[in-house]
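To keep things clear, I will list the structure first and then write my remarks on it.
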Amino acid sequence: MRRTVALAFSGGLDTSVSVKWLQEKYDADVVTVTLDLGQRDDLKEIERRSRQIGAKDHYTIDAKDEFLRDYVFPSVMANALYEGKYPLSTALGRPLIGKKLVEVAEKAGATAVAHGCTGKGNDQVRIDVTVRAMNPTLQVIAPVREWNMSRDEEIAYAQERGLPVKPSKSIYSVDQNIWGRSMESGPLENPSTEPPEDAFEWTVSPEEAPDEPGYLDIVFQEGVPTRVNGRSMEPLKLVSYLNEFAGSHGVGRIDHIEDRLVGIKSREVYECPAASVIIEAHRDLEKLVLTRHELDFKAQVEREWAWLVYSGLWLEPLRLALDRFISATQHRVTGSVRLKLYKGSARVVGRSSDYSIYDVGLATYGRGSKFDQKSAVGFIELWGLQSRVAAGLASQIEEKKENGHPRTKAKEAQ
Ligand code: ARG
25 MRRTVALAFS
35 GGLDTSVSVK
45 WLQEKYDADV
55 VTVTLDLGQR
65 DDLKEIERRS
75 RQIGAKDHYT
85 IDAKDEFLRD
95 YVFPSVMANA
105 LYEGKYPLST
115 ALGRPLIGKK
125 LVEVAEKAGA
135 TAVAHGCTGK
145 GNDQVRIDVT
155 VRAMNPTLQV
165 IAPVREWNMS
175 RDEEIAYAQE
185 RGLPVKPSKS
195 IYSVDQNIWG
205 RSMESGPLEN
215 PSTEPPEDAF
225 EWTVSPEEAP
235 DEPGYLDIVF
245 QEGVPTRVNG
255 RSMEPLKLVS
265 YLNEFAGSHG
275 VGRIDHIEDR
285 LVGIKSREVY
295 ECPAASVIIE
305 AHRDLEKLVL
315 TRHELDFKAQ
325 VEREWAWLVY
335 SGLWLEPLRL
345 ALDRFISATQ
355 HRVTGSVRLK
365 LYKGSARVVG
375 RSSDYSIYDV
385 GLATYGRGSK
395 FDQKSAVGFI
405 ELWGLQSRVA
415 AGLASQIEEK
425 KENGHPRTKA
435 KEAQ
């Protein structure tokens with residue numbers, strides 16, 4: 025019996041060639057699946073291409089709301105930045121692609137799923153791990169990992185079979201969704217040179233940004249952004265608006281050396297305008313409402329959370345457990361943060377919350393402070409106790425050495 029494979033389909037060269045290759049090599053019917061994660065592609069055109077190439081069926085799935093609610097907003101609560109910089113935009117999308125592939129495969133009676141990831145990146149791990157965790161009976165096929173064709177060979181393969189290949193308009197390898205745009209390859213592979221201006225699409229260059237600063241007031245309810253500049257917005261509207269607004273001020277460009285899961289160091293360039301301002305604001309609000317102890321411990325959890333998600337372990341029970349902890353910290357993360365955007369930078373310049381632990385009566389250097397300065401004396405006495413004892417001991421030992429330690433003396437005499 026002919027088998028059915030559900031293929032994650034972007035409409036690019038790799039996945040277009042994959043349709044034919046799976047039919048030929050695996051004698052399979054191919055069902056293609058394209059998720060709308062807010063990547064700004066022409067989804068109708070992608071569906072047309074899939075049918076033109078000969079897929080048996082095609083599914084376009086609008087997953088934007090699910091992506092924001094179940095993947096992106098938990099990452100905001102986790103202030104998730106891999107290696108301190110990357111908001112995980114691509115990484116967050118992959119487990120959702122894996123999940124939808126499994127759902128389509130089960131509906132279409134497929135025995136395998138396939139995707140266009142290479143064997144050199146993180147994305148293969150993220151999709152494979154998710155699919156296998158959700159349905160271990162499904163085989164995972166990654167044609168690009170198997171076929172060993174160069175780009176030119178792929179084009180020749182497509183032409184021989186009359187596939188409509190569009191020469192890609194970009195020299196960059198790009199992946200995008202509502203949370204950001206990832207760019208690799210071409211001139212970006214030289215980590216010592218500045219990314220060319222033509223790599224960027226969502227942000228103006230800071231030099232071209234308006235001469236007047238822009239202000240954003242972002243309101244969070246229990247860790248989730250809900251209002252911007254006085255207007256209440258649904259997640260999709262809110263994130264799109266912030267991508268636009270921050271991008272127009274040149275905010276959200278990220279250039280860093282990243283450690284891939286497979287061991288390779290790579291130079292990655294991102295545009296994540298909304299993610300940059302939302303995480304900056306969220307982190308700042310937490311500083312106002314959470315205790316020092318909560319903040320210290322949460323920072324460790326955040327690092328682990330970002331690593332698990334980056335490394336493809338979205339469904340790992342530890343990630344779910346960390347999410348529970350993070351959620352428990354978010355009940356008081358309600359309030360408003362004001363950012364000033366100016367020529368590529370976004371700085372928090374104000375914040376307020378009903379849950380603020382900041383107490384001006386305690387902090388003030390002015391009149392009327394409630395803080396009893398005398399109580400500091402006893403505190404300092406105990407706070408420095410061990411340091412004092414250790415320092416005293418160190419100077420005693422030093423003194424003994426100078427006066428000649430009995431054992432050292434005995435040795436000298438020999
Ligand atoms: N390095 C990023 C990550 O691992 C982005 C990968 C981008 N993928 C791509 N096909 N260009 O999440």
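Quick note: the sequence shown uses this note's numbering, first residue 25, plus one each step.
Cβ coordinates follow ideal geometry from the N, Cα and C atoms, glycine included.
In the structure shown, Y265 adopts helical secondary structure according to DSSP, grouped into three states. When DSSP reads this structure, Y83 sits in a beta bridge with V57. The distance from the Cβ of G108 to that of N201 is about 21 Å, inconsistent with a contact at the 8 Å cut-off. Between the C-alpha atoms of R348 and L120 there is a straight-line separation of about 20 Å. The shortest CA-to-CA distance from S377 to any of Q397, R371 and H355 is the one to H355. Taken in chain order, no unbroken stretch of alpha helix (DSSP H) lies wholly in the segment 342-379 with a span of 4 residues or more. At a threshold of 8 Å, D152 does not count as near the ligand ARG, since its beta carbon sits no closer than that to any of the ligand's heavy atoms. Apart from sequence neighbours up to five positions away, the residues of its chain that approach S335 with a beta-carbon distance below 6 Å are L285, ordered along the chain. Bounds of the beta strand (DSSP E) holding D241 are G238 to Q245.
In the DSSP assignment, M158 falls outside any beta strand (DSSP E) and within the unbroken alpha helix (DSSP H) covering D147 to M158. Across the structure, D199 and Q63 are spaced so that their CA atoms are roughly 8 Å apart. For T114, the enclosing alpha helix (DSSP H) starts and ends at S113 to A132.
Excluding five sequence positions before and after L67, the CB atoms of its chain that fall closer than 7 Å to its own CB belong to T58, D60 and T84, given in chain order. No residue range can be given for T135, since it is assigned to no alpha helix (DSSP H) and is classified by DSSP as neither H nor E. Of all C-beta pairs linking the segment 145-155 to the segment 274-294, three or more are shorter than 8 Å, placing the two stretches in contact. One alpha carbon belongs to L342, the other to M158, and they sit about 16 Å apart. Rounded to the nearest whole angstrom, the CA to CA distance from T114 to L337 is 14 Å. In terms of CA proximity to T142, R169 leads the group R156, E130 and R169. Judged by DSSP in its simplified three-state form, D283 adopts strand.
Between S174 and S197, the alpha-carbon positions lie close to 15 Å from each other. By the C-beta criterion, the segment 264-281 is judged not to be in contact with the segment 388-404, since fewer than 3 inter-stretch pairs fall below 8 Å.
In this structure A233 is not in contact with A132, their Cβ atoms being roughly 48 Å apart against a cut-off of 8 Å. When L332, T315 and Q420 are compared, the shortest CA-CA separation from Y382 is found for T315. Distance check between W329 and each of T28, E71, Q47 and V96 places V96 closest, using alpha-carbon atoms only. In the same chain as I302, and ignoring 5 residues on each side of it, the C-beta atoms closer than 6 Å to its own belong to V100 and P249, in chain order.
Nearest C-alpha to F33 among L92, T56, V164 and E184: T56. Bounds of any beta strand (DSSP E) do not take in A233, whose DSSP letter is neither H nor E. Residue pairing of A52 in beta bridges, as defined by DSSP: R27.
With fewer than 16 neighbouring CB atoms inside 10 Å of its own CB, K394 falls in the exposed class. With distances taken between CA atoms, N253 lies nearest to F269 out of K311, K44 and F269.
Taking the CA atoms as reference points, M25 sits about 41 Å from R205.
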